[in-house]
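Participant: Residue numbers (our numbering): 2 to 244.
A virtual CB, placed ideally from N, CA and C, is assigned to each residue, including glycine.
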Amino acid sequence: MSRTSQAKASQGHSARAQPARNAPAARHRRHACGDCHALARALHDDLAQLLSYALIQIDMAQASAPDAAAFRELSLRHGRDLIKDALRTTRDVIGGLVDAAPPVEPTLDAQCLLLAAEIGALARQPIEADCAPVTPAPPQRVCAELLRAARELLGNACKHAPGARVQLTLRQDGSEGDGLLLTVRDDGPGFDAACLQAPAPGHYGLHTLPDALRGVGATLHLHTRPGAGVRAEVRWAGKAVRQ
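(1) Any idea if T184 is buried or exposed, counting beta-carbon neighbours within 10 angstroms, 16 or more meaning buried?
(2) Going by the CB atoms, is the gap between G180 and D187 shorter than 8 Å?
(3) Less than 8 Å separating the beta-carbons of Q168 and E129?
(4) Return the CA-CA distance between V231 and F192, expressed in angstroms with no decimal places.
(5) Can you find the residues in the same chain that come closer than 6 Å, C-beta to C-beta, to E74, ignoring five residues on each side of it along the sequence?
(6) Once DSSP output is grouped into helix, strand and coil, what is the label at E106?
(7) Between A87 and P137, what straight-line distance do the alpha-carbon atoms span, to the nearest angstrom?
(8) When the Cα atoms are used, what is the spatial distance from T108 to A62?
(9) Can you tell me where the alpha helix (DSSP H) with T91 in it begins and where it stops?
(10) Are the CB atoms of R142 and L116 within a distance shorter than 8 Å?
(11) Report the partner residues of V185 according to the DSSP bridge assignment.
(12) Could you tell me which residues DSSP pairs with E129 in its beta bridges?
(13) Apart from the five residues on each side of it in sequence, which residues of its chain come closer than 6 Å, Cβ to Cβ, to C162?
(14) Do you know whose CA, among L171, L83, S76, lies nearest Q112's CA?
(15) If you check the beta carbons only, do L114 and C132 fall under 8 Å apart?
(16) Leaving out the 5 sequence neighbours to the left and right, which residues in its chain are closer than 6 Å to A233 when beta-carbon positions are compared?
(17) Mind checking S76: buried by the 16 CB within 10 Å criterion, or exposed?
(18) Please tell me whether L98 and L51 are closer than 8 Å, where the distance is taken between their beta carbons.
(19) If you draw a straight line from the C-alpha of R215 to the C-alpha of R149, how long is it?
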């Protein structure tokens with residue numbers, strides 16, 4: 002086969018493959034258009050009609066003779082009832098849209114605040130949380146590991162430093178571009194970091210965090226010594242995991 006024939010065959014193959022690749026997008030557009038048409042029909046057939054009839058009643062009341070008080074009152078009452086029906090229809094449409102909308106995943110900062118409140122309530126110990134929004138949002142699997150680390154670190158602080166001041170912070174990490182820094186600290190008794198190298202039998206949490214975090218491009222640094230509290234820093238570089 003000549004190069005020209007090969008090129009034509011390749012172009013033909015690409016032309017056939019292109020619609021297949023675009024099929025999901027086309028189906029999504031058709032589905033979205035169908036939803037828009039259904040919404041337009043609902044607004045036209047119900048809401049717009051009710052408001053139109055209500056406006057007619059109001060216009061009739063406004064144009065009525067001065068001595069036609071009873072007719073005017075009847076028109077206004079009917080118009081008011083139609084507007085009430087329109088309001089109910091509007092709420093029904095809004096409810097349908099809310100029910101049809103996909104659930105919105107809470108942002109990482111919001112989940113950190115909820116986590117601090119949850120652990121604080123379980124331990125009956127206040128946790129100070131200062132969590133700033135992080136943009137762009139990390140991938141879901143990164144968020145899951147960061148939240149797991151925060152849960153473990155907060156739990157350890159509350160268990161081993163009861164009555165201490167426990168703080169959770171979340172910040173954009175400018176030194177790492179679009180990365181972030183999650184910090185858990187307490188002013189409790191601290192501990193010997195070497196203990197992490199030989200965890201007690203049956204203990205699974207803290208000593209497994211470094212490997213788990215490394216799997217999503219994050220690192221854990223513990224700053225502690227006996228009598229000096231604990232500061233745990235979880236850094237995620239941002240650009241390290243963008244698959």
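Facilitator: With the structure as the only source:
(1) Buried is the label assigned to T184, since at least 16 other Cβ atoms lie within 10 Å of its Cβ.
(2) With respect to the 8 Å criterion, D187 and G180 are not classified as neighbours on the basis of their beta carbons.
(3) The Cβ-Cβ distance between Q168 and E129 falls below 8 Å.
(4) Approximately 8 Å, taken between the alpha carbons.
(5) Within the same chain, and ignoring the five residues on either side of E74 in sequence, no residue has its Cβ closer than 6 Å to its Cβ.
(6) Note: E106 maps to coil in three-state DSSP.
(7) Answer to the nearest angstrom: the Cα atoms are 41 Å apart.
(8) Using only the alpha carbons, I get a separation of about 52 Å.
(9) Annotation: the continuous alpha helix (DSSP H) that includes T91 extends over 70–101.
(10) Taking 8 Å as the cut-off, the Cβ atoms of L116 and R142 do not count as close.
(11) Bridge partners of V185: L169, A233.
(12) The secondary-structure analysis by DSSP pairs E129 across a beta bridge with Q168.
(13) As written in the sequence, residue 162 is Ala, which differs from the Cys given in the question. Excluding the 5 residues flanking it on each side, A162 has same chain C-beta neighbours closer than 6 Å at D187, G189, in chain order.
(14) The option with the nearest alpha carbon to Q112 is L171.
(15) Yes, these two residues count as a Cβ contact at 8 Å.
(16) These residues qualify, in order along the chain: L154, V185, L223.
(17) Residue burial annotation: S76 is buried, with at least 16 other C-beta atoms found within 10 angstroms of its C-beta.
(18) Contact: no.
(19) Rounded to the nearest angstrom, the two C-alpha atoms are 13 Å apart.
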